[in-house]
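Notes to accompany the following structure.
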Amino acid sequence: MGLTQEKMAAMIGIKRSLLGAYEEARADPRLNNLQNMAEVFGVSVDSLMNEDLTSNSEDALPTKSHQTERKFDAPRPRPEPLPRYTTPMQPTYTPPPTPPQPVRQAPSPMPQSRYNAHNQEYAEAKKIRVLSVTVDNNNQENIEYVTQNNVPAYLKGFASPEFLEKLPKFSLPTLPQGQVYRAFEAGNETMLSIPKGTVVIGSYVRNWYNLISGKIYILVTARHGIICKWITNQIQENGTFLLSSDNPEFEDYGVLADDVLEIWEAKMFISMQLPEIDMSLQKLTSIVLDLQQEMMKMRKQQQQPPRY
């Protein structure tokens, strides 16, 4: 189309920096921006999200300024009427059609990963997820806060802009730019390092295959609710994530990737409970022994006669 980034951003109604973030896959477009893009290019939102438009030439992409008018053929002349009396036609024999022969097709290869992935193309970030976010008066993205009371509603309305508008919001200037963040309230004692009531802030994960085993992630699941645990990524082997706690009272368990709605990587947390010093029995014993040795040295020094 021969447009610069600035002109293209103006046609969509966004800033040039935000358009650059879309092109570099540092941010996902909101629904209203997707609709504006679809209107500019003359395609539907569904085609924009699900079809590979890069395979077509630039000239083949329809736009408002390049739409062609439909041409209609000239009307055909009216056929001559048949004579009133005609000679009856002799019936002709038409052989029955030959049934088509079945075509044997080679069996499809088994997928590399044995699961239905809540769509594997979404898990691999090959398709765009419509991630709803809200912005402040300066067009900066907010951090929506999901409390424990809002968890059931979030599982149903996590993709709804109207629902996200009702959630509490805040911003933190220390977080790196170019990512989408969301905050969740910890609701159980499975993680001793993250006390109940702690606010955990995570960044949105697009490609689930890139999850790093041994790190803490927040999983939004349809069956188990919202979970914050250490993850072992087994999606390539059997389509699951193994979840672990630092509380020995809770055993590890697996979650199917098909059951996962969103994944957020834990970046920081806010807690009203300061960490306590773990004074173990072994450490106390070591301190007592050190004190005893110091006392013995002092006694020996006192028992020695003074030197003149």
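The numbering of the sequence shown is full-length UniProt numbering, which starts it at 1 and goes up by one.
Yeah, the Cβ is synthetic: ideal placement off N, Cα and C, and Gly gets one too.
As the structure is a prediction and not an experimental result, all values here were calculated from the model.
Which same chain residues, not among the five before or five after residue 310, have their C-beta less than 6 Å away from its C-beta?
The question about residue 310 has no answer, for the chain in this structure spans 1 to 308.
Could you have a look at residue 158 and say whether DSSP puts it in helix, strand or coil?
Mapped onto the sequence shown, residue 158 falls at position 158. It is coil, neither helix nor strand.
What's the call for residue 180, buried or exposed, on a 16-neighbour Cβ count within 10 Å?
If you number the sequence shown from 1, residue 180 lands on position 180. Buried, since its Cβ has 16 or more Cβ neighbours within 10 Å.
Nearest by alpha-carbon distance to residue 168: which of 177, 154, 176 and 291 is it?
Counting from 1 along the sequence shown, the entry for residue 168 is found at position 168. Selected option, being the one with the closest Cα: 154.
Burial state of residue 26, where buried means 16 or more other Cβ atoms lie within 10 Å
Here residue 26 refers to the residue found at position 26 when the sequence shown is read from its first residue. That one is exposed.
Using 8 Å as the threshold, is the C-beta distance between residue 135 and residue 144 below it?
Counted from its first residue, the sequence shown places residue 135 at position 135. Counted from its first residue, the sequence shown places residue 144 at position 144. In this structure, residue 144 does not lie closer than 8 Å to residue 135 by Cβ.
Identify whether residue 240 lies in helix, strand or coil by the three-state DSSP scheme.
The sequence position of residue 240 within the sequence shown is 240, counting from 1. Three-state DSSP puts residue 240 in a strand.
Tell me the residue span of the beta strand (DSSP E) that contains residue 183.
Here residue 183 refers to the residue found at position 183 when the sequence shown is read from its first residue. It spans 181-185 - the beta strand (DSSP E) in which residue 183 sits, taken as one unbroken run.
Taking only beta-carbon atoms, is residue 47 less than 8 Å away from chain D?
Among the chains in the structure shown there is no chain D, since it carries only a single protein chain.
At a cut of 8 Å, does the segment 219-226 reach the segment 249-264 through at least three beta carbon pairs?
yes
Beta carbon of residue 184, beta carbon of residue 205: below 8 Å?
Here residue 184 refers to the residue found at position 184 when the sequence shown is read from its first residue. Here residue 205 refers to the residue found at position 205 when the sequence shown is read from its first residue. Going by C-beta atoms, residue 184 is not nearer than 8 Å to residue 205.
Can you give me the Cβ contacts of residue 349 inside the same chain, cut-off strictly under 8 Å, excluding the 5 residues immediately before and after it?
Examination of residue 349 is not possible in this model, given that the chain is present from 1 through 308 alone.
Following the continuous beta strand (DSSP E) through residue 261, name the residue where it begins and the one where it ends.
Counting from 1 along the sequence shown, the entry for residue 261 is found at position 261. Note, residue 261: beta strand (DSSP E), 260-270.
Give a yes or no on whether the C-beta atoms belonging to residue 242 and residue 258 are separated by under 8 Å.
Within the sequence shown, numbered from 1, the residue matching residue 242 stands at position 242. Within the sequence shown, numbered from 1, the residue matching residue 258 stands at position 258. Contact flag unset, no.
With a Cβ-Cβ cutoff of 8 Å, do residue 21 and residue 178 count as a contact?
Here residue 21 refers to the residue found at position 21 when the sequence shown is read from its first residue. Here residue 178 refers to the residue found at position 178 when the sequence shown is read from its first residue. The answer is yes: Cβ separation under 8 Å.
Taking just the CA atoms, how far does residue 288 sit from residue 157?
For the purposes of this step, residue 157 is taken as residue 157 along the sequence shown, with counting starting at 1. For the purposes of this step, residue 288 is taken as residue 288 along the sequence shown, with counting starting at 1. In a straight line, the C-alpha of residue 157 is about 58 Å away from that of residue 288.
Given a threshold of 16 other Cβ atoms within 10 Å of its Cβ, counted over all protein chains shown, does residue 139 qualify as buried or as exposed?
Residue mapping note: residue 139 aligns to position 139 of the sequence shown, counting from 1. Exposed, because fewer than 16 other Cβ atoms sit within 10 Å of the Cβ of residue 139.
Residue from 290, 294 and 234 with nearest C-alpha to residue 255:
Taking the sequence shown and counting its residues from 1, one reaches residue 255 at position 255. The residue with the shortest Cα to Cα distance from residue 255 is 234.
Measuring alpha carbon to alpha carbon, tell me which residue in 196, 166 and 36 is nearest residue 150.
As a first step, residue 150 must be located in the sequence shown, where it is residue number 150. Closest by alpha carbon: 166.
Helix, strand or coil for residue 287, going by three-state DSSP, please let me know.
As a first step, residue 287 must be located in the sequence shown, where it is residue number 287. The answer is helix: DSSP assigns residue 287 an H, G or I state.
For residue 9, which residues of its own chain have a beta-carbon under 8 Å away from its beta-carbon, when the five flanking residues on both sides are left out?
Translated into positions along the sequence shown, residue 9 becomes position 9. So the list reads 15, 16, 18 and 19, once near-sequence residues are dropped.
According to DSSP, which residues form a beta bridge with residue 42?
The residue given as residue 42 occupies position 42 in the sequence shown. DSSP, once it has assigned bridges, lists no residue as partnering residue 42.
Alpha helix (DSSP H) containing residue 189: first to last residue?
Looking up residue 189 in the sequence shown gives position 189. No alpha helix (DSSP H) contains residue 189, which DSSP labels as neither H nor E.
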